[in-house]
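Taken in order, these protein sequences are the chains called A and B. Note that UniProt numbering gives residue 26 to position 26 of the first sequence, counting from 1, and the numbers run on in steps of one. Note that UniProt numbering gives residue 542 to position 542 of the second sequence, counting from 1, and the numbers run on in steps of one. Glycine included, every Cβ here is placed at the ideal spot set by N, Cα and C. No experiment lies behind these values; they were computed from the predicted model shown.
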Amino acid sequence: MTGAASAVFLLDMKGRVLVWRDYRGDVSSAQAERFFSKLMDGETDPSSHEPVVYDDGVTYLFIQYNNVYVMTASRQNCNAASLLLFLHRVVDVFKHYFEELEEESLRDNFVVVYELLDEMMDFGYPQYTEAKILSEFIKTDAYKIEMTTRPPMAVTNAVSWRMEGIKYKKNEVFLDVVESVNILVNSNSQLVRSDVVGALKMRTYLSGMPECKLGLNDRVLLEAQGRATKGKAIDLDDIKFHQCVRLARFENDRTISFIPPDGAFDLMTYRLSTQVRPLIWVEAQVERHSRSRVEYMVKARSQFKERSTATNVEIELPVPSDATTPAVRTSMGSAVYAPEREALLWKIKSFPGGKEYMLRAKFGLPSIAAEETLPEKRPPIRVKFEIPYFTVSGIQVRYLKIIEKSGYQALPWVRYITMAGEYELRMI
Amino acid sequence: MNADNRKGELAELKGQLRQLAGSRAPGVEDLKRELYKKVISYLTVGIDVSSLFSEMVMCSATSDLVLKKMCYLYVGNYARGYPELALLTINFLQKDCQDDDPMIRGLALRSLCSLRVKNLVEYLVGPLQRGLKDSNGYVRSVAAIGVLKLYHIAPSSCTDNDFPVTLKALLLHDSDPQVVANCLCSLLEILSIEGNVSEAALREKESLLHRNVILSLLNRFKEFSEWAQCLVLEVVSKYVPEDAQETHDMMDVLDDRLQHANSAVVLATIKVFLHLTMSMADVHQKVYERIKAPLLTLVSSGSAEQSYAVLSHLHLLVMRAPMLFASDYKHFYCRYSDPSYVKKLKLEMLTAVANESNTYEIVTELSEYAANVDVAIARESIRAVGKIALQQYDVNAIVDRLLQFLEMEKDYVTAETLVLVKDLLRKYPQWSHDCIAVVGNVSSKSVTEPKAKAALVWMLGEYAYDMSDAPYVLEGFVQSWAEEDFAEVRLELLTAVAKCFFKRPPETVQILGAALSFGFADANQDVHDRALLYYRLLQHSVEVAERVINPPKQAVSVFAGDQSSEIKDRIFDEFNSLAVVYRQPSYMFLDKDQRSPFAFSEDTGSSIIGPQSPGREDLPSDIDARDNDLLLSAHEKEDSRAVSNGSHGYSSSKFHTLQEFTDSAFAPRSPSPTQPIRNARATPLPPAAVSSTAASPLLAVDDLLGLGPSASAEPFPPLKLNPKPVLDPASFKRKWGQLTVALTLEYTFPAQAMVGLTGPQPLVRHMQTNSVQCMASGNAPLKFFFFAQLADAPANTGFFLVELVVTTSSGLASAKIKADDSSLAPAFADSLQSALSKFGSL
């Protein structure tokens, strides 16, 4: 059964407890600190340690965010996935409240931290973890203003993700169709893996309780229903909707209808795992002249239609950690050596389709190698880019209707963008 | 801040608080707030501010919510340590519990219940009762958890006041989903702890799995918060639907949860699907197909921690359905930015999904890791390649890879590879030629790790014919005997030199002498002894020594070390919990002392109807212990399962497959969390109906397999049994060992008979009246050894021996009958069955 957590701890980078909230009285903060310092001693890098650790009858689950560890402990056979996710929600809530979650913001706001931890979990069971709902009854500036708190009415409300009575002067909706391309090319220049993760990201600034209806191009919808379509149809592997979408409706007549939450949220996410041609192909030839210098010849080619243009292209070319005296020439864009990242960063502001650009670089190497030759890390070439007005999947928004009983006209704005996700090309 | 300073500051705070206590001056709230904040900040950094307790309480009369919260926090922190002072707070907390503001009522009630002071319990009951009836959902949901808190402080005052009953009512009828969810988690926790001592509570817990409850939860499922959904899904996963249609309906309702953004909800849904379809092999298979995509998405999206949790589950699934992800192996390719704990799991997945069609690509990918990233992962990758090589049949390509690794000339790569080549050679001696060619090129100086060294030395000894310089390489090792720190290597070296000696005596004889003399002088006892043993063997006869030291070897077909399927099943039962992450059933890592009263046993399912004795007998460790107490403990645990088997001397593997087949195809596994509900439903039915309905699916299984209880098919003339037979345990044991199973018999007790079967004793007494005596019996699972004797038989003959195992959850009893005269066994089976059928109807 989903076991209960014993406590939630917020620790600093040295593993000292900054704030903690005890729920069941069976794991003390001293015990947690002891565990954590043991963990830090054992590992050179605690961030690479498994996030679920067993110690002396207690399971500790933790995540790191900025300079803070958020940790929970349990003596029961709890649900690891759920508690780890809960910790991430805690981080989200703190970020919502304090702009940024870090040691300082926790110290400055410890009273609110206590208040939040009190409502997010009761006796080790998660309760309310949505910042929107929590902010209804825990105000950050509570010290000054007169309280008008109510208990979370969201729970009594049929639409738990939206409060009633929201008002905007100008009613607008922004819908971004964002697809990120994940590519993995091995050292033999073979594309070993590619997939696309798409998201319909919405930002709504709408008054009242608006009914929204979204129409997508049919092909995708067909896929979404799991009906096999033959031929070249794209295989959207796994569609997920935000909880506001009426799934029954979607099953019936394929309309995506929903009452949106206020503000930003992901309406829908999907995955596409068909082979995708790498949009930007990078090849690097490396010539090493023993311990004196290393030369690179890098070719970057855009493999999409000429009418599209990739912007903010950044190609990160890893170089040896002891490389010096860079000499770089590029046929387009600019390249800077970033020793802190052990890489050469080649930036191209605008990269139209069907073009090829070159970079040549030469680095000096110290003639004497360091005493202990650590094994080379050999990171891959990584590429970042954005291609506006373009999607790999071909997904299209046909309409976005907004109906509210007050009858206002809302403006929907739709944008498409494709960007690089985990885009890695391994070097030889 | 030093101690004096601190004392001074605390005293100052005390004074200031005291001044403010009675004051009604304007702005006093702000001042209080500042002071409270200071106190709380001390408390946060761990300074003891308990000395301010009474002042803090005195100032607590305020309408300011934040002030109240700080005060509650303070009180909650110190109440347990200062119970007398805590009494001071009761008054204002109780008052706040009746405040007009529901927020304050809720907070006050929560704080009141969190005081954890035993002698204040009496003050909790009233506010809790009112809280559960409060008009505001927030207060009710706080109260629902409050009941659980009360239970942990004082169980009796919780149950005596009928709180569980109230919770149950709210569970079914409250309008607020959060209240329902909190009632559910309180009830579950209370009832499963209570269930360890009280039968009624167990039944009550069972009733939570009643169809009505499950349906009412499912009907309003979408109203629940994501966390509550996880909880409900966990409960639903233990429910056994009435028929296939219901299973499908439930899956339809929950199907969209697989698309939920919360990974915990997705995993919980998957658990429901897998467990619901446990007995429907074809649907079960489809479920695997259905859950694939959502799982793969979860792996590659979201946080690294989420990937970690999901990958742990994938690993469990892939062990059960190896083909499932065979074509999706690319999802498990490591990203450069993955943390190493994720990479490690991905490597394991790649190993697990490798099959003939994808091996080449997977191994190519793994080889890249070997040359790349961090050392730990490089090592793991090489091991993964090795594991794949060991799994497969046609893997020359892999051998090539391993040999390429050796050519990379990185110490750690070489080391790992040598170990693997050794394992490969042990399994596939036919590759020796290729392997040895390359191993021969490895410079022994570049090998430093003991394991790798031992592997290399072993190969040198084993393949001394193929490696021309084997004796000379070994000589090098022997010469540096003193520098060799690891006994493991020195032991291996002794053996290798000896083996080499048998193969190439002229070249090795001197080295052997040197090695043996080093061995005699070795400080390590094992090395010393081995050297001595070899020396004496060789002295005795070289041929004998060769037979001992270098016997012809058989290829190793399976390496030991895999977890038993029993353990794997247990872990699967605990899907979506830490058990999966740790790869251990929860009883292996949960701290037992801590479990009561806090903990929550994972599946009390196995012993629901007829709880035999207080305690947690459903823990497998206990079962084993009890099994051992029985007269004959040598039986495998599977023995206790309900399957007829013709021969006693079965080979376990054959039995396994048959057993597993019936399990997965038709009957819920026992003990399985899905079991209890079957009984919960069966209980109220009249006995006649039960024996036909509840028993029928199982009988149908038997029919399908042709293993039906044939004994009951034809009537036999009743046997006359000796009413007072005598048999001592030793003879019983001997007889049991000698005789083969003459007959097996299955019988399903009607539910109403099972109610009487709370321990072995009632059945033992009942059988006595039927001239069947008990030799030994055990609890959990209920297990009996009976014997009976023909009425007119001479001493020590005409005995019938019976092993009877009763699965308490289903009432299914299976008996193995052995008889001195096996021709009489059917007749005896007949009378045994009639005796059993009379049980409970008296």
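Tell me, to the nearest whole angstrom, how far the beta carbon of residue i is from that of residue j; I am working on the premise that it is less than 8 Å.
i      : j      : result
S257/A : E404/A : 14 Å between Cβ atoms; not a contact.
I387/A : I417/A : 7 Å
V353/B : Y329/B : 5 Å
E746/B : L790/B : Contact flag wrong, Cβ pair sits at about 24 Å.
What number of angstroms, rounded off, separates the C-alpha of residue i from the C-alpha of residue j?
i      : j      : result
G461/B : T495/B : 7 Å
A420/A : Q178/B : 41 Å
Y408/A : D262/A : 16 Å
D282/B : R193/A : 31 Å
L478/B : E566/B : Per the sequence shown, residue 478/B should be read as Val rather than Leu. Cα to Cα, the separation comes out at about 46 Å.
R426/A : Y333/B : 13 Å
H152/B : N182/B : 16 Å
I138/A : E115/A : 7 Å
E368/B : N186/A : 8 Å
E29/B  : T62/B  : 8 Å
P339/B : Y308/B : 10 Å
I133/A : V139/B : 16 Å
H248/B : S831/B : 43 Å
L35/B  : N77/B  : 17 Å
H315/B : F575/B : 12 Å
P126/A : A370/B : 42 Å
Residue i: which of the options sits nearest, CA to CA?
i      : options                        : result
A244/B : L218/B, M280/B, R211/B         : M280/B
S312/B : E223/B, A455/B, A579/B         : A579/B
L214/A : L191/A, V245/A, N188/A, K167/A : V245/A
K735/B : H766/B, R24/B, N796/B, P760/B  : N796/B
Q16/B  : I47/B, M58/B, G46/B, V45/B     : M58/B
V439/B : K451/B, V457/B, S50/B          : V457/B
P762/B : L390/B, T744/B, L782/B         : L782/B
I402/A : I381/A, N171/A, P352/A         : N171/A
I259/A : L279/A, G353/A, S350/A, R162/A : R162/A
Can you give me the start and stop residues for the alpha helix (DSSP H) that residue i sits inside?
i      : result
M120/A : 110-120
H152/B : 137-153
L134/A : 131-137
A410/A : Neither: A410/A is in no alpha helix (DSSP H) and is coded neither H nor E.
P826/B : 825-838
M358/A : Looking at the DSSP string, M358/A is not in any alpha helix (DSSP H); the run it does join, the beta strand (DSSP E), is 356-364.
Residue i by DSSP, collapsed to three states: which one?
i      : result
K299/A : strand
D282/B : helix
Y168/A : coil
M767/B : helix
P318/A : strand
P709/B : Annotation note: pLDDT 43 at P709/B (below 50); position unreliable, coordinate value reported separately. Reduced to three states, the DSSP call for P709/B is coil.
R678/B : Caution is warranted here: a pLDDT of 39 is assigned to R678/B, below 50, making its placement in the model unreliable, and no coordinate value can be reported.
C500/B : helix
W161/A : coil
V724/B : Inspection of the sequence shows that residue 724/B is occupied by Lys rather than by Val. In this structure, K724/B counts as coil in the three-state DSSP scheme.
A340/B : One point to set straight first is that residue 340/B is Ser, not Ala, in the sequence displayed. Of the three classes helix, strand and coil, the one that applies to S340/B here is helix, per DSSP.
P51/A  : coil
E179/A : strand
Q275/A : coil
D262/A : coil
F304/A : coil
What first and last residue would you give for the beta strand (DSSP E) that runs through residue i?
i      : result
L782/B : 782-789
A514/B : No beta strand (DSSP E) holds A514/B; the alpha helix (DSSP H) holding it covers 505-520.
W736/B : Here W736/B belongs to no beta strand (DSSP E); instead the alpha helix (DSSP H) covers 729-738.
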